[in-house]
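Below is one structure; the comments refer to it alone.
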Amino acid sequence: MFATYLVIIILTAAVNGTAAVANFIGHEYPKSQADKLRVPRSWMRPLGALLAAGALGLLAGFAVPVLGTLAAAGLVLYFVGALWAHLRVRDHQLGPWAVFFCLPVAALTVSFAYNGT
2 MFATYLVIII LTAAVNGTAA VANFIGHEYP KSQADKLRVP RSWMRPLGAL
52 LAAGALGLLA GFAVPVLGTL AAAGLVLYFV GALWAHLRVR DHQLGPWAVF
102 FCLPVAALTV SFAYNGT
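Using my numbering, the letters of the sequence shown map in sequence onto residues 2 to 118.
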C-alpha cells in the first residue's frame, strides 16, 4: 500500500508543480487556455500559486498526513472549478482536464486509505 501511496502522491505533486511553473513563467499553453476559457491572464500567477500550494501540500503530507489530505482535497476543488470554467464557455475538450482531475482524486483516495485521515 505504501508504494501505491508514494507513487500517486509524487506523480500528482510533480504534474501540478509543473503546471504551476508553466503558469509562473508565462508558458503559451496556460495562456491559450486562459484565453479560450475567458479567464483574465492576470489570474495566471494566483492560479499557479494554488497549484504550487497543492503540490507542496501533498509532499508535506508525508510528514503531516492531514496536510496531504487537505492539499489533495484543495486540488480536487480547484479542478472542479476548472470544469466549471470549461463548461461555462461550452468547451467540451476535457481530456487534459480529466487527467489533472483524476490525479488529485486518486491522491485523496490513497491518503484516506493509507493514513485514515
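Beta carbons are placed, not taken as given, at the ideal position from N, Cα and C, and that holds for glycine. All figures in this text were calculated on a predicted structure; none of them were measured in a lab.
Flag this pair as touching only if the stretch 38-50 and the stretch 65-73 have three or more C-beta atom pairs under 8 Å; answer yes or no. no
For a quick check, are the C-beta atoms of Leu78 and His87 less than 9 Å apart? In this structure, Leu78 keeps its C-beta atom at 9 Å or more from the C-beta atom of His87.
Let me make sure I understand the geometry here. Which of Ala99, Leu76, Ala83 has the alpha-carbon closest to that of Ala56? Of Ala99, Leu76, Ala83, the residue nearest in Cα terms is Leu76.
Under a three-way DSSP split, which group does Gly88 fall into? For clarity, residue 88 is Leu in the given sequence; the question names Gly instead. It is helical.
Let me make sure I understand the geometry here. Which of Ala50, Ile9, Gly117 has the alpha-carbon closest to that of Phe25? Ala50
What is the DSSP secondary structure of Val22, counted as helix, strand or coil? helix
Which same chain residues end up closer than 6 Å to Gly58 when comparing Cβ atoms and leaving out the 5 residues on each side of it in sequence? Leu68, Ala72
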